[in-house]
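Working notes for the structure below.
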Amino acid sequence: MSWLSRPKDTNRPKLGLIYRIMRIFSRSLISVWFRELDVVDNENIPQEGGIMYVAWHPSGLIDPLLLHASLPGKLSILAKHTLFKIPLLGRLLKAGGGLPIYRASDSDNLEVSKNKNQDMLENVGKKISNGGKLLLFPEGKTHTDSEVKKAKTGAARIMLIALRSAKENNKTPPNIIPVGLHYSNSKKFRERGAVILERPMKLPNLPLIVENNNEQERIDRKWVSQVTEFIEAELKRASHSKTSWEERRLIWQGRSVVYAERAIKKGKKIRRLSFAESVLGARRMRAGWEYFAANDPKKIENILIKSKNHFEELDNMGITPFDVAAKPEKPGISGFLIALIAWIWAAAWMFGLVTWSAVFGNVPPYQANYLTMWGLKKKGIEESVHATMKLGTAVIIFPLWWIFASLAVTAIFLSNNSPIFILLNKHWLLAYFTQINPILMFIILLIWWPVSGKMHLNLYSRLVRSWLSLKRWSNWRKNELDWNRLQKQQREIGSLLITLGDSLILPGDKEWKDPPTAEDDYKHVSLR
């Protein structure tokens, strides 16, 4: 994974040592959690002025951790003030740029909460006007729905304060940048993710300053309400918001069929796309699909039925559209043998080099984390915070185990009464291991457990990929599967989708122009 560099604007707040350490920490966690991560369209980040990043919130602690790791410069994050009272989490939030937000629903004393919240909004707004950067989740809380929830007004209120402050002090006006968060499965370990930075929003003109306080409140509320609607609409566009996960999945599967059919027609080799490329493909598919659904639903009714039936059949067989599209005409034994050799090679390195230490250093805390999550699920914690709790407990359990394991192994190697110490001293070369400084050995071991774990994960990923390839070649060689019918069926769906898509100007085409702020892609799709 390559992380974005900091914008060149020297007026932005400098990164402190603690913040740098926290960023290294969050990047380490994210690089372990995801097996593939893309951060794209960073050219949309303005080089001058403050920035407010807004994103939807489908995955608890994963979302802020991912954006804290991905977005350049010093980032402030608003979080419920009650989270700052949790001993370890509160310290981590503060060190990582967290700022407490007081909501009326969080306190019995509404007036006190309201005043505290207003003070916080004023301070944050002034920070942004001076070049600061803020991350906000306008929905207010995490959720598991496939569609963006109603946005709260806090983001718009902060931006109003920031814009007025920048204007008063002759500063560069700050911008709001919507962020698209896309996960193959955010609740599962070692899945894929993409962070898509959208273009800065164009906001309505600032409301005028008037002498009458009641009138000022009214026109300010009107501006805030309009900008909040803009933000919600932009989040829906950036996140490919849909009414159900089933519709999302259908769009993604359709995208893969279209890609495969185009590659076949051009005589190109079918390859696994990066997740960022897949997200763009899904955006195009969604825009075209929504356009026809709104303007000519009968035109896609037949394709919809065919696609659903085809994908359901593949699911029942345990194969994917990629398996169907990539199948060679005559799958010989050579491809199967190459996949088998790749699997054996990965397994040999994994089990012969690092697994012994990765297992000792990481399996016990992993199992402890699993049991902890099992207990929490039994108590009925919400599904939306599963990934958050899994990551949070891992941050506590793993370091504690590494410290214990480092102390234990150091004692076993260097204690005069240890059988390992006595055994090593029987050979003049191995005896040097018993002469290592205990503190140095402890530090080396403390570093080695997580490093060996990461090496193991990389080798394991190769092992899984080669195993899937092996399984794919095995399926291709099965005569009982009617591959010719499946390929013909899938190519027919792909051709129909391409014919429809080629009749439209879609996102990514040369003629495409991004819609104005707050308007969805499909509303600006047009016939060629």
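Numbering (the numbering used here), first residue to last: 759 to 1286.
Ideal Cβ positions, reconstructed from N, Cα and C, are used throughout, including at glycine.
Note that this is a predicted model, so its numbers are computed, not measured.
When the beta-carbon positions are compared, W1241 and K1085 come within less than 7 Å of each other.
The C-beta of S1065 has 16 or more other C-beta atoms within 10 Å across all chains shown, which makes the residue buried. In this structure, H815 is the residue among H815, N888 and W1103 with its C-alpha nearest to the C-alpha of H901.
If one requires a minimum length of 4 residues, the alpha helix (DSSP H) runs lying completely within the stretch 794-871 are 820-828 and 845-853, in chain order.
The three-state secondary structure of I1058, taken from DSSP, is helix. For I934, the enclosing beta strand (DSSP E) has its first and last residue at N933 to Y941. Where A952 is concerned, there is no enclosing alpha helix (DSSP H), although the beta strand (DSSP E) around it starts and stops at E949 to L955.
In this structure, M1075 lies away from M917, with their beta-carbon atoms at least 7 Å apart. Apart from the 5 residues on each side of it in sequence, T1192 sits with its Cβ closer than 7 Å to the Cβ of F1171, L1172, F1179, L1182 and N1183 in its chain, given in chain order. Going by DSSP, L1228 is part of no beta strand (DSSP E) but of the alpha helix (DSSP H) stretching over P1196 to W1234.
When secondary structure is reduced to three states using DSSP, S1284 falls in the strand class. The DSSP-derived three-state label of L1239 is coil. Measuring C-alpha to C-alpha distances from A920 to each of M878, L1095, A1189 and W1101 identifies M878 as the nearest.
Within 10 angstroms of the beta-carbon of Q876 lie fewer than 16 other beta-carbons, which makes it exposed.
Pairwise C-beta distances place the stretch 787-797 out of contact with the stretch 854-861, as fewer than three of them are shorter than 8 Å. Counting only runs of 4 or more residues that sit fully inside the stretch 1113-1167, the alpha helix (DSSP H) segments are 1113-1136, in chain order. Assigned with DSSP and collapsed to three states, F895 falls in coil, not helix or strand. Rounded to the nearest whole angstrom, the C-alpha separation of I977 and Y1280 is 32 Å. The shortest CA-to-CA distance from E1087 to any of S999, K843, R1235 and D903 is the one to R1235. In terms of Cβ geometry, G807 and G890 do not form a close pair [threshold 7 Å]. For S784, the closest C-alpha among the options V1153, F988, I934 and P804 is that of V1153.
C-alpha of M1199 to C-alpha of T1130: approximately 31 Å in a straight line. Around G1259, the same chain offers G1046 as residues with beta carbons nearer than 6 Å, after the five sequence neighbours per side are excluded. A direct Cα-Cα distance of roughly 47 Å separates I1009 from I1161.
Non-local beta-carbon contacts of T1151 in its own chain, meaning distances under 6 Å to residues more than five positions away in sequence, involve N1127 and T1130 in chain order. Along the length of the stretch 993-1065, whole alpha helix (DSSP H) runs at least 4 residues long occupy 1003-1023 and 1033-1053, reported in chain order. Looking at R1220, D903 and S1227, the one whose alpha-carbon comes closest to that of E1004 is D903. Annotation for L1165: F1200 place their beta carbon closer than 7 Å to its own, counting only its chain and skipping 5 residues before and after. Straight-line measurement puts the Cα of K929 at about 30 Å from the Cα of M780. The beta carbon of G1252 sits closer than 7 Å to the beta carbons of V1015, V1016, A1018 and E1019 from its chain, once the five residues preceding and following it are set aside; these are given in chain order. Annotation: L1098 to S942 spans about 27 Å, alpha carbon to alpha carbon.
Secondary structure at L1187: coil, using DSSP grouped into helix, strand and coil. When the Cα atoms are used, K910 and P896 turn out to be separated by approximately 5 Å. Of the other Cβ atoms in all chains shown, fewer than 16 fall within 10 Å of the Cβ of T840; this residue is therefore exposed. Here E926 is exposed, its C-beta having fewer than 16 other C-beta atoms within 10 Å.
Within the DSSP bridge table, the entry for I1263 names S1284 as partners.
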